[in-house]
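Residues 9 to 181 in the working numbering are what the sequence shown spells out, letter by letter.
Glycine included, C-beta positions come from ideal geometry on N, C-alpha and C.
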Amino acid sequence: MKIVKILIAVLVCVAIGTAAFFGVKAGFPRPYAQTVRESGLEPSLVYAVMKAESGFDEDAVSRSGAVGLMQLRPTTAEFVCNRSGIGYESGKLTDGEYNIRLGCLYLKYLMEKFPARDTALAAYNAGEGTVGDWLSDASCSNDGVNLSRIPYPETRAYLKKIKNFRKMYEFFY
């Protein structure tokens, strides 16, 4: 009888743990997997950016006018299109595949311009001009490559979110 109770308790714990695992995992989807894979970027990074930027809401629009899953401002999307030889279509910015494709191209561009990953991600959030200014400021960067201090609280919080979301994606997938 005691063994049966222990076995039931173990099974209940396993069931609860499994349900909790899959419940949390559901909060970390991987939409447009082929487009993400084709970007050449680490999928965990791209999905972390999407989760932080829009919470996977294709129709998301920010106060600054950034649109879609990867929250691209129309001027940024147009820049990416011109740079990459892609036809710019403002009406497609809420189309997940189009938005992710452009967002990944922009992220790759920033990673080339700012070799330190956190610096590139800060630029994705705060803007490349702003981050360029921070890198030129000795109180923000010791070497002109890495940020030792990020003046914007929003950008500091953004980088923490990205790191945490990446860890979750790497754990689940």
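Beta-carbon proximity check, residue i vs residue j, cutoff 8 Å
i: Leu110; j: Ala85; result: yes
i: Gly76; j: Asn107; result: yes
i: Lys185; j: Ala60; result: There is simply no residue 185 to check, as the chain begins at 9 and stops at 181 in what is shown.
i: Lys33; j: Phe180; result: yes
Same chain, Cβ closer than 6 Å to residue i, neighbours up to 5 away in sequence not counted
i: Ser92; result: Leu113
i: Tyr160; result: Ala134
i: Pro82; result: Ser98
i: Val88; result: Leu110, Leu113, Tyr114
i: Tyr96; result: Glu86, Cys89
i: Thr163; result: Ala130, Asn133, Ala134
Local Cβ density within 10 Å of residue i, reported as buried at 16 or more and exposed below that
i: Tyr40; result: buried
i: Ser72; result: exposed
i: Ala128; result: buried
i: Gly25; result: Its pLDDT being 41, under 50, Gly25 is placed unreliably in this model, and the coordinates cannot settle the point.
i: Ser149; result: buried
i: Ala131; result: buried
i: Ser47; result: buried
Cβ neighbours of residue i in the same chain (closer than 8 Å, five flanking residues each side left out)
i: Ser144; result: Gly152
i: Ser70; result: Gln79
i: Asp103; result: Glu66, Gly76
Spatially closest choice to residue i from the options, by CA coordinates
i: Lys171; options: Arg45, Glu50, Asn107, Gln42; result: Glu50
i: Glu136; options: Asn150, Ala146, Ser147, Met119; result: Met119
i: Arg38; options: Ala68, Thr127, Glu105, Asp141; result: Glu105
i: Thr138; options: Leu155, Tyr177, Ser47; result: Leu155
i: Met176; options: Thr43, Gln42, Tyr55; result: Tyr55
i: Lys100; options: Gly48, Ala74, Arg125; result: Ala74
i: Tyr166; options: Ala146, Ser147, Trp142, Met58; result: Met58
For residue i, the residue or residues it bridges with in DSSP
i: Leu80; result: Val75
i: Val69; result: Val75
Residues near residue i in its chain [Cβ-Cβ closer than 7 Å; skip 5 each side]
i: Ser147; result: Arg157
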